[in-house]
Structure formats: C-alpha cells, structure tokens
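These protein sequence lines are chains Z and U, in that order. Quick note, the first sequence lines up with residues 1 to 290 if you use the working numbering. Quick note, the second sequence lines up with residues 1 to 290 if you use the working numbering. The structure appears below as structure tokens.
There are 2 protein chains.
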Amino acid sequence: MFERMAFIGIGLIGSSLARVVRRDGLAGEIAVAARTQETLDAATRLGLADRVTTDPAEAAADADIVVICTPLGAYGAVAGAIGKSLKPGAIVTDVGSVKRAAIAAIRPHLPEGVHLVPGHPIAGTEHSGPEAGFAELFDGRYCILTPEADTDTGAVDTVAALWRAAGSKVEIMGPGHHDQVLAITSHLPHLIAYTIVDTATQLSTDLQKEVIEFSASGFRDFTRIAASDPVMWRDIFLTNREAVLEILGRFTEDLTAMQRMIRRGDGDGLEDVFTRTRAVRRGVIDAKQA
Amino acid sequence: MFERMAFIGIGLIGSSLARVVRRDGLAGEIAVAARTQETLDAATRLGLADRVTTDPAEAAADADIVVICTPLGAYGAVAGAIGKSLKPGAIVTDVGSVKRAAIAAIRPHLPEGVHLVPGHPIAGTEHSGPEAGFAELFDGRYCILTPEADTDTGAVDTVAALWRAAGSKVEIMGPGHHDQVLAITSHLPHLIAYTIVDTATQLSTDLQKEVIEFSASGFRDFTRIAASDPVMWRDIFLTNREAVLEILGRFTEDLTAMQRMIRRGDGDGLEDVFTRTRAVRRGVIDAKQA
C-alpha cells in the first residue's frame, strides 16, 4: 500500500495502527518519530519501526503517508516541523479526537500538492504508550474521516483503505459535525468520569478506601474511563471547548431535573427516565458497539 | 447450612444466590415467592425452587432463613406479609442497596425472637430477572452486613457464612455509613449515567443514531450502567435521598469548577485533575475490584 510510512508519535493508537501495518505488510518501511528516546526504544523493541528519530521532519521526509499520533496540542509544532520536508503527493493524516482544531493546526503548514485527510478511529483503552497497543483495537469499530470538500479523492480512498485493513468501518463527515458528535459520545462522558472520580479523591482517607473497596457497584467503570491519558484529554477539552460546553449545559439541565425529582420523591418521573435509557443500550448492542 | 430457605423475589441477585445454594447444597429445601407466575415458572425451570408461590407468607412459613430480594419499595409489604408466619429463631436478611430504609421497612413487622441481618452484596450486572443470574456473580466481591448492635451474633455469623460460601468478602458496618458510601460508589454513578444517556435520547434522530454508532468512545460504558433495572433504581433514589443529594451537591460543585477550567482554557488545572484520577484506578486494580 505504501513504500514509506511515517508515524509522528507512537502511543496506544499509533502503535496499534503500526501493528496492523506490520501484520498485513502494508508498508515497505516504517519511520517513527517520538519525543523521547524511551518511546523510540520501545517502538524498535516491538518491531514497529525500521528507522527512529526524535526529529519529525526526518521521519516524514520522503514518506508516502505521515500519520500524526501525538496529543492535539503538539499538532502545530509537528506540522510546522514536517511541512517543508514533505514530498509532493504525500498524504498527511492524524488520529486526533477534535477535527476542526486538527485541521486548523496542520493545514497552514502543508505545501501545495500534499493531501490532508484528517481521521479519528473511535477506539481506545485507558492504557497509554506503545506497549499498550494491539492490532485488533480497531476491529469492528468506526473510523471517521473529515476531509475538506476539495481534497483529492484518491488520497481519501487510500486512508479509508488503510483503516478498512485495520478492520474499521469508515464514515466521512464534516469536521464540525464530528466535533459535535464526539462531544456527546466521548468528551462529555470523559469529563464526567474524571469529575466524579476526582470528587471521590477529595473525601476523607477512610471513606476513600471504602470507595475503592466497594467500587464494583458502579464507580469502577468511571475509574477506568478516568484513567485515560491526561495530556491527550487536556488537549481535547482545550480544543473542543465550544461543543463540550454546549452539551455540558444540556447535561447540567437534565441533572438538575433529576435532582428535583429525587428531592420531591417523584418515583414515576424517575422510572420513566430509567426505562427510556434502557432502550439506548439495546441500540448500542444492535450496532455491535457494546 | 439450612433446612428450609425462602427467597422473596428471585431476580438477578436472588437467583444468583439461589444458584450458589444449589451448587453447594446449602439448603435442604428452597421455597420461592414472586409476584408473577412467569418468574416462578422460570425459577422452577432453572431448578432453583422446590416450592413456588405468589404468597410471601407461605414461602416464609417454617423457613430457617428468609432472603428478601425484591425492589426496596416492596419491603414494607413483604415484611408485613411474612411477619406473622415466621418461626422463632428464624433469620431475615435482604440484598437491598439502601440499608437504613431496609431496616425501617422490615423491623416493625418482625416478631420477637426473629433475627434481622440486613445485607448488601456489592455485585450486579445491567441484566435483570432470574435467567440473568449466575453463581459466580459474588465471587471476590464484597458483601456488607449492617446488623443492629443488639443482633444475635450467631445469626450474623450464619449470614456471613452464606456470603462467604458465595465467594464474597464480608464487611460489617452501620447502616447510615453504608448508605453514605454507596451513595458515592453506586447511586451517584448510576444517576449520572442515567442522566447522560437520557440527555442523548433527547437529541435529534440523526444525531442519536450517530451517538450509538460512535458510542465506543466512552458513551457505551454509560449505556451499560443506565440499562440497570428501572424499578430497583427508582426505589434506591427514593429511599437514599439525603445521602444522594449530598454527594450530588459536591459533584455539581466539582463539575462547575471543571466547566470553568475549560471555558478559561486552564490546561494545567485540567491536567492536574486528570493525573490525580489515574491513581484511583490503580487503587481499584490493587483491590482486585477492576
């Protein structure tokens, strides 16, 4: 599929995709750039890299496709570094969770003739780093691509084919719509999980110990979500601010209504809500995303 | 362990405990009472009942131990029905999620010489009904007992032994403290999950479809929690109102602080919180409750 492929950043997502590329022999050579020598050593040890470097420009030079897998906050610096070394016809893609911000950070640095095809695989775990990756991570999951209207269709098809090789179902949508949907399905749930786990950390030491012991009653699912990569999530909230605040406003209204029902002892109202939400779970199961 | 055992209600929890009793031969006879013939037929078909009846008093008569496994809202009626048919020395226990309310509903109906040992196994799934149970549900999980100070220690030891046979670690605490801890570890997480899933159900049909498709990014974990039994959860919020409202108040304060950090672009503040919460997950893993 590619003669030369470059990964800029090789954490959970990057290393999982690199594993797919290795497994299926999709690239003649993989060059990996990362910030720390420790990460590069891991990539080499895992057999994911033919060349490693701390210089993104060096990894991206002569690559047919460059996959940016760093936290969103590093995109501008990465794109600035690689822009001049990209060859004509090269494809630049990414795996970031906020697409408008991704495009705004990368686009200005790309020379004419380089194709930008932003991507977002809807998959992950609470673990981070190259050791945490696995080739099956994307299997059966969606990958959203958000190309601009005038993007070369051949480049879009190529990136779509890469994700299909990983087992993903590919969907195309506008970056603004993507950011709105993900604010609901991902960013708000993470914000809430982080908050409730942090609420628990502020309890007395005794109570905290019990909260952990008895976490199997619901809390433990939140702790899993709230164990996700801190820097990655910091950048998501900083870059998808408007969409997150909008859906957070709706959630807060709904939570206030629930609070009122509890205070007033409105059992019928609570049961109605709890019955409605059960149907959503059936939808998730039917969509094979459970 | 028991000559005659009675289950009043035989849903997920009751049927799982009955499976343990059958597996280990802990009772000579199991009598099951349930509201509907359909549930009783299932209990018979699953081999969990030697006798079935829609009359709790009939099931409880002559039992050495009666396990109340109905939603909390039915406790008063159940206790009122069985009170007079209980034999001296019988043990009454339950599996409900709110202990002060459980005691308040049951205690007035019990004759002298009957031992009340309220219990709460910290285990469950989002599925309901007798078919959903399995004997391993309690394995490695905690079970909290909240006996009053003057309760017969032999009766407490017997109920503890039953839960240890199910693989549980038994903890004793006061009912008020239990209700406060569970408000944090269980009731608030469920309330939040129900609310966010309901927020999503109020979106436009198109957006709702996408929320389900892309649920693997975090939302799906909330849908699982929000698929829990509606009547059981209605009763939990109605009976543990004060403790839930108290912890909900703290959560709302913390969420408002997060909202402020996002609006102001306070990346350091967000990263601090997200780093703190990761440590809680390690605690859950170390406690083998992950």
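Here a beta-carbon is modelled for each residue, glycine too, at the ideal position from N, C-alpha and C. Remember, predicted model here, so these are calculated numbers, not experimental data.
Beyond the five residues adjoining it in sequence on each side, residue 151 of chain U comes within less than 8 Å, by CB distance, of 115, 116 and 117 in the same chain, given in chain order. Here residue 174 of chain U is not near residue 153 of chain U, since their CB atoms are 8 Å or more apart. Under the DSSP assignment, residue 219 of chain Z falls in the alpha helix (DSSP H) whose first and last residues are 219 to 225. If you look at residue 169 of chain U, you'll find it in the beta strand (DSSP E) that goes 169 to 172. Per DSSP, residue 245 of chain Z has no beta bridge partner at all. Counting the other CB atoms within 10 Å of its CB gives residue 85 of chain Z a total of 16 or more, which places it among the buried residues. Taking C-beta atoms as the reference points, residue 138 of chain Z and residue 163 of chain Z count as a pair closer than 8 Å. Using beta-carbon distances, residue 172 of chain U does not count as an interface residue toward chain Z, since no partner is under 8 Å. Residue 196 of chain Z is a Cβ neighbour of residue 189 of chain U, given a cutoff of 8 Å.
Within the same chain, and ignoring the five residues on either side of residue 127 of chain Z in sequence, the residues whose Cβ sits closer than 7 Å to its Cβ are 12.
Sequence-distant partners of residue 4 of chain Z (beyond 5 residues in either direction) whose C-beta falls short of 6 Å from its own C-beta, in its chain, are 29, 62, 63 and 64.
Taking 8 Å as the threshold, the shortest C-beta distance from residue 283 of chain Z to chain U falls below it. Taking a Cβ-Cβ cut-off of 7 Å, the neighbours of residue 216 of chain U in chain Z comprise 122, 123, 141 and 289, given in sequence order. Counted as a single uninterrupted DSSP element, the stretch harbouring residue 114 of chain U is not any beta strand (DSSP E), since DSSP gives it neither H nor E. Contact annotation, residue 24 of chain U with residue 199 of chain Z: C-beta distance approximately 40 Å; criterion of less than 8 Å not satisfied. Assigned with DSSP and collapsed to three states, residue 28 of chain U falls in strand. Within its own chain, the residues whose Cβ lies closer than 6 Å to the Cβ of residue 239 of chain U, once the five positions on either side in sequence are excluded, are 72, 98 and 101, listed in chain order.
Take the alpha-carbon of residue 131 of chain Z and the one of residue 67 of chain U: they are about 48 Å apart. Distance check between residue 124 of chain U and each of Z:78, Z:215 and Z:90 places Z:215 closest, using alpha-carbon atoms only. For residue 52 of chain U against residue 20 of chain U, the beta-carbon gap comes to about 19 Å, at or over 8 Å, which does not count as contact.
Distances from the CA of residue 77 of chain Z to each of Z:106, Z:88 and Z:90 were compared; the closest alpha carbon is that of Z:106.
DSSP lists no beta-bridge partner residue for residue 190 of chain Z.
CA-CA distance, residue 42 of chain Z to residue 129 of chain Z, rounds to 9 Å.
According to DSSP, residue 143 of chain Z shares a beta bridge with Z:121 and Z:170. Contact of residue 233 of chain Z with chain U is assigned, a C-beta pair being separated by under 8 Å. Within chain Z, no C-beta atom comes less than 9 Å from the C-beta of residue 205 of chain U; the nearest is roughly 12 Å away. Residue range 2 to 8 is occupied by the beta strand (DSSP E) that includes residue 6 of chain Z. Nearest to residue 166 of chain Z by alpha-carbon distance, out of Z:237, Z:157, Z:80 and Z:143, is Z:143. Sequence-distant Cβ neighbours of residue 59 of chain Z in its own chain, meaning closer than 6 Å and more than five residues away, are 6, 31, 33 and 53.
For a cut-off of 8 Å, the C-beta gap from residue 109 of chain Z to residue 155 of chain Z is around 17 Å, too long to register as a contact. Residue contact check for residue 186 of chain Z against chain U: a CB pair falls below 8 Å. A straight-line Cα-Cα distance of about 35 Å links residue 38 of chain U and residue 205 of chain U. For the segment 15 to 85 of chain U, the full-length alpha helix (DSSP H) segments reaching 4 residues or more read 37 to 45, 56 to 60 and 75 to 82 along the chain. Residue 91 of chain U: not part of any alpha helix (DSSP H); member of the beta strand (DSSP E) spanning 91 to 94, first to last residue.
Here residue 237 of chain Z has 187, 191 and 244 as same chain residues with Cβ atoms under 8 Å from its own Cβ, once five neighbours each way along the sequence are excluded.
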